[in-house]
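K.L.:
Supplied in structure tokens, the structure appears directly below.
2 protein chains.
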Amino acid sequence: MLNTSQNQLSSGQLRLVKEFAREMADTGINFFAYDRDLNIIVNVCGEKFISDYEGSAAFAKQLLDSQTCAIQQIGPSGRFIGCCLVTDGTVSAIIIIDSGPDCTAAALVRQTLHIFLRSFQNDLKNAQQIELISGELAQTYEELMLLYKISTNMRVSQSDANFLQLACDNLIEIVRVEGIAIFLEKKIEDNKKLILSAGTGLLGIDYKNEAMTEILFERLLDSMTTGSDALIDSEVNGIFKYEWQGRIRNIIAVPLSNNSKLIGMMVATNLLDRSDFDKNDIKLFNAVATECAVFIGNHNLFKDLKALLIGALKSLVNSIDAKDQYTRGHSDRVAIISKWIDAVYKRL
Amino acid sequence: MLNTSQNQLSSGQLRLVKEFAREMADTGINFFAYDRDLNIIVNVCGEKFISDYEGSAAFAKQLLDSQTCAIQQIGPSGRFIGCCLVTDGTVSAIIIIDSGPDCTAAALVRQTLHIFLRSFQNDLKNAQQIELISGELAQTYEELMLLYKISTNMRVSQSDANFLQLACDNLIEIVRVEGIAIFLEKKIEDNKKLILSAGTGLLGIDYKNEAMTEILFERLLDSMTTGSDALIDSEVNGIFKYEWQGRIRNIIAVPLSNNSKLIGMMVATNLLDRSDFDKNDIKLFNAVATECAVFIGNHNLFKDLKALLIGALKSLVNSIDAKDQYTRGHSDRVAIISKWIDAVYKRL
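Taken in sequence, the protein lines are chains A and B. Counted from 1, the first sequence has number 1582 at position 335 by this note's numbering; the numbering is strictly sequential. Counted from 1, the second sequence has number 1379 at position 132 by this note's numbering; the numbering is strictly sequential.
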């Protein structure tokens, strides 16, 4: 026998069938329902006549073999009327009604079964639609919370690394992947290099291998020149577009850009609950990457201004020390400089 | 006659009734459906017998008067079986089936009508639920877009007023109110005053009346000390909590705070499509207010730093001018200062 756990009626569906069975039996008719192993799961009889159980079972097998949900009728004057209940594309139950030797009821029973069947399938369709929209709602709500959480943490006085780490940590809670990382371009000895700036989980690419991250960045640039918002690659449709080293099953990379200048990228690899990144992921990753880029832009401006200010203060101190050979006005200047330094440090 | 436009079956519902009528008529039975003015809207006959139209109409009136959706049966051997279809709490149609002089079918017809009725009501319930969740989804999606749009505009280099105006303009597109405004506390001659900093539409309170905005701010503080995230007041439940001047029908005010210090408030008045602000509004207004406060915090820090830097540069120039009686090193200093000024203005 087959394992039926996947192809059974849900408890709600079984309740509907039982309700229908009682209603039919109330009018003096005999009702049978079978599971897909042809075990009787519902049997309510109207006690006006006795049904041929073997004939009913044989009819059930015939209906199961037909695999359609069309209503069929057999027996003298078509007294046996039956159909399959199909859920998720497979037969989950077979309904048979014996309308009895008095053939006058058969046509009405057939129509009644038809109405029940339509209602059953409508319920199924509606339940699926509600489940779908509810899932979307939950997803959108999570995304809303994510963007809100990130944007309310955009105070420039906090550290760069902290903010980007928060973005990665929060994003991985919504998109279930093995790893997420943010790489930023930094100048090191006059060369621009991509440096891992934040990350969570295990990235599928070898991020310590500079050549590898450079190749990934170039591929992202390639995708962007063709008008795409992200680089997406996976073996879900047979083969990868690019050749990847390491343990990559699927990958997404989105740009971080500040004033339309590319400053880095956000990368995630190996989805845990799906086989490929989709349009929704592209939107979400780009949204988070944009927030990160805005933060970095603000933070850099803040950092530069701070460096300029401290430089200007040092110059001021030096210029006074170097040039003032006289003591006059010394205490005034000490007071002025102390006030400046105090004000600056209070606010940074 | 009543105007029936509000209490009619939808085209989809009418289609369901007509389908049911045809199925019933196919079994040789006569089918009638009436609108709530007792006009016949569906009439399909099985052509096995002729029905008493006057009797059917009288039964329809009796069913309409009963205002319930319970199935009723009248006539010899209960051959007339009928019920009301109730949508949105009112009768939108009346169904009557004449099962004919042969009384054997009546019980089965009654059960069939029962099954149809249950299916009809399930469809109605499901459609309402789908509409509800879809509405929530659309709302959440709009909120997501709003917060995203605002947070990606958080570059501190843009003006304060611009950013707050953008927040108001975008928020009013989602929450349909007559007016939204942001007030910020500013020091004017050692007195803190609430200044209108951005706004869109027409606010219900007289914002040029300082006393009025101060009173509003105090009421918001009151609400916050009782643990609430917002001040909400309306006359929807009979009376206002507070007395308001002007044309206020309902009002919401949420705090803007920076490092847990209150710096202002966001106010909206007079909803256009609902009678009162709800929990969802409180969440949304607080989310936008928080983003505004984060922006203001960053912007102020940036502005202060800029002022300090320019002050420091001026001091540097003055100190050199005042103290250096000799010309030696003059060109060097001019170069240094020019470089500084250039660097500062490039970055601001």
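Just so it is clear, CB atoms sit at the ideal spot from N, CA and C, and this is done for glycine as well. Keep in mind that this is a model prediction, so the values were computed, not measured.
#1: Taking Cβ to Cβ, would you say Ile1621 (chain A) is nearer than 7 Å to Phe1367 (chain A)?
#2: Spatial neighbours of Cys1330 (chain B) within its chain, please: C-beta separation below 8 Å, excluding the five flanking residues on both sides.
#3: Are any of the Cβ atoms in chain B nearer than 7 Å to that of Val1403 (chain A)?
#4: Starting from Gln1492 (chain B), trace the alpha helix (DSSP H) in both directions and tell me its first and last residue.
#5: With a threshold of 6 Å on Cβ separation, who are the neighbours of Asn1533 (chain B) within its own chain once the five nearest residues in sequence on each side are excluded?
#6: Taking only the alpha-carbon atoms, compute the straight-line gap between Met1512 (chain A) and Lys1530 (chain B) and give it to the nearest angstrom.
#7: I'd like to know if the segment 1414-1423 of chain A and the segment 1433-1444 of chain A are in contact, where contact means that at least 3 CB-CB pairs between them fall below 8 Å.
#8: Is Glu1482 (chain A) close to chain B? Criterion is C-beta to C-beta, closer than 7 Å.
#9: In the DSSP assignment, find the unbroken alpha helix (DSSP H) run with Tyr1395 (chain A) in it and report its ends.
#10: According to DSSP, which residues form a beta bridge with Ala1340 (chain B)?
#11: With DSSP collapsed to three states, give me the class of Gln1405 (chain B).
#12: Rounded to whole angstroms, what's the CA-CA distance from Pro1348 (chain A) to Leu1379 (chain A)? Just pull it up for me.
#13: Kindly say whether Glu1606 (chain B), judged by its beta-carbon, lies nearer than 7 Å to any beta-carbon of chain A.
#14: Our contact map puts Leu1503 (chain A) next to Ala1536 (chain A) with C-beta atoms below 8 Å; I'd like the distance itself, whole angstroms only.
#15: Using the Cα positions of Leu1596 (chain B) and Lys1372 (chain B), report the straight-line distance between them to the nearest angstrom.
#16: In whole angstroms, what is the alpha-carbon distance linking Leu1564 (chain A) and Ser1566 (chain B)?
#17: List the whole-angstrom C-beta distance separating Gly1451 (chain B) from Gly1493 (chain B), where the pair is believed to meet the contact cut-off of C-beta under 8 Å.
#18: With a cut-off of 8 Å, do at least 3 Cβ pairs link the segment 1406-1414 of chain B to the segment 1399-1416 of chain A?
#19: Which residue wins for smallest C-alpha separation from Val1291 (chain B), given the options B:Ile1297, B:Tyr1300, B:Arg1283 and B:Phe1279?
#20: Tell me where the beta strand (DSSP E) around Phe1279 (chain A) begins and ends.
#21: Which one of B:Ile1287, B:Ser1324, B:Val1338 and B:Tyr1454 has the shortest CA to CA distance from Ala1353 (chain B)?
#22: Closer than 9 Å by beta-carbon distance: list the chain B residues that pair up with Gln1320 (chain A), in chain order.
#23: Nearest by alpha-carbon distance to Glu1457 (chain B): which of B:Arg1466, B:Gly1448, B:Ile1442 and B:Ser1470 is it?
#24: For Ala1540 (chain A) versus Asn1505 (chain A), is the C-beta distance shorter than 7 Å?
#25: Specify the secondary structure class of Gln1320 (chain A) as computed by DSSP and reduced to three states.
#26: What residue range is occupied by the uninterrupted beta strand (DSSP E) comprising Leu1261 (chain A)?
#27: Buried or exposed: where does Gly1259 (chain A) fall if 16 or more other Cβ atoms within 10 Å of its Cβ makes it buried?
#28: I need the straight-line Cα distance from Phe1542 (chain A) to Val1264 (chain A), nearest angstrom please.
#29: Counting only runs of 3+ residues fully inside the segment 1418-1447 of chain B, write out the beta strand (DSSP E) ranges in chain order.
#30: Mind checking Ile1397 (chain A): buried by the 16 CB within 10 Å criterion, or exposed?
#31: Under 7 Å, Cβ to Cβ, is there at least one residue of chain B near Glu1390 (chain A)?
P.N.:
On the basis of the coordinates in this document:
#1: Nothing can be reported for residue 1621 (chain A): it is not among the residues displayed for chain A, which extend from 1248 to 1595.
#2: Leu1310, Cys1316, Ala1317, Ile1318, Gln1319, Ile1341, Ile1342, Leu1360 and Leu1364
#3: yes
#4: No alpha helix (DSSP H) holds Gln1492 (chain B); DSSP gives it neither H nor E.
#5: Asp1476 and Val1501
#6: 32 Å
#7: no
#8: no
#9: Ala1353 to Ser1398
#10: B:Leu1332
#11: coil
#12: 46 Å
#13: Residue 1606 (chain B) is absent from the structure shown; chain B starts at 1248 and stops at 1595.
#14: 5 Å
#15: Chain B is shown only over 1248 to 1595; residue 1596 (chain B) falls outside these bounds and no answer can be derived.
#16: In the sequence under discussion, the amino acid at residue 1564 (chain A) is Val, which differs from the Leu named in the question. C-alpha separation (whole angstroms): 10 Å.
#17: 5 Å
#18: no
#19: B:Phe1279
#20: Asn1277 to Tyr1281
#21: B:Ser1324
#22: Neighbours of Gln1320 (chain A) on chain B: none; closest Cβ ~13 Å, over 9 Å.
#23: B:Ile1442
#24: yes
#25: strand
#26: Where Leu1261 (chain A) is concerned, there is no enclosing beta strand (DSSP E), although the alpha helix (DSSP H) it sits in stretches over Ser1258 to Asp1273.
#27: exposed
#28: 58 Å
#29: 1424-1435
#30: buried
#31: yes
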